[in-house]
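Below is one structure, written out as structure tokens; the observations come after it.
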Amino acid sequence: MQIFFVDGELARSCNDDAIRTRRFGGDVAPLLRRRLAEISAATHLAELRRLPQARLRGHQDGRLLVALGPTADLHLRPRDDPPPMADGQLIEWAVRSLLITSVQLAPAA
Numbered sequence: 001m002q003i004f005f006v007d008g009e010l011a012r013s014c015n016d017d018a019i020r021t022r023r024f025g026g027d028v029a030p031l032l033r034r035r036l037a038e039i040s041a042a043t044h045l046a047e048l049r050r051l052p053q054a055r056l057r058g059h060q061d062g063r064l065l066v067a068l069g070p071t072a073d074l075h076l077r078p079r080d081d082p083p084p085m086a087d088g089q090l091i092e093w094a095v096r097s098l099l100i101t102s103v104q105l106a107p108a109a
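Each residue of the sequence shown is one higher than the last, beginning at 1 in this note's numbering.
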């Protein structure tokens, strides 16, 4: 999948090893790097369901959350608007690009 970031600062924080470690800490930084590599390697969003450690889940405000271990979440959303199913659910196999919106160091409730 293609990965985009909401702004340049977040992109640098996620992609630069030194900045990532400084900003997110030594426990979360390697998990973030691994998770971004797994997302990049996936063909579509539905493939992330096969990674139990990612714990892909939805949030009530429409965001998607991907676990970065027990202490953090990666917040994202589809970059393009895929057509919803009749019941309004996201067609995960149609999502081929994601927009990373934030990294939350305490998991979202």
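Beta carbons: idealized from backbone N, C-alpha and C, even for Gly.
- Judged by DSSP in its simplified three-state form, ARG22 adopts helix.
- Close CB contacts of ARG49 within its chain, under the 8 Å cut and outside five residues either way in sequence, are with LEU56, GLU92 (chain order).
- The residue among ALA46, VAL103, PHE24, ASN15 with its C-alpha nearest the C-alpha of LEU76 is VAL103.
- In the structure shown, ILE100 adopts extended strand secondary structure according to DSSP, grouped into three states.
- Scanning GLN60, THR101, GLY69 for the CA closest to the CA of ARG35 turns up GLY69.
- CA-CA distance, MET1 to ALA54, rounds to 15 Å.
- ARG77: member of the beta strand (DSSP E) spanning 73-78, first to last residue.
- Membership of LEU10 in any beta strand (DSSP E) is not indicated; the residue belongs instead to the alpha helix (DSSP H) covering 8-15.
- Beta-bridge annotation (DSSP): GLY69 is not paired with any residue.
- For GLN53, no beta strand (DSSP E) run applies, since DSSP gives it neither H nor E.
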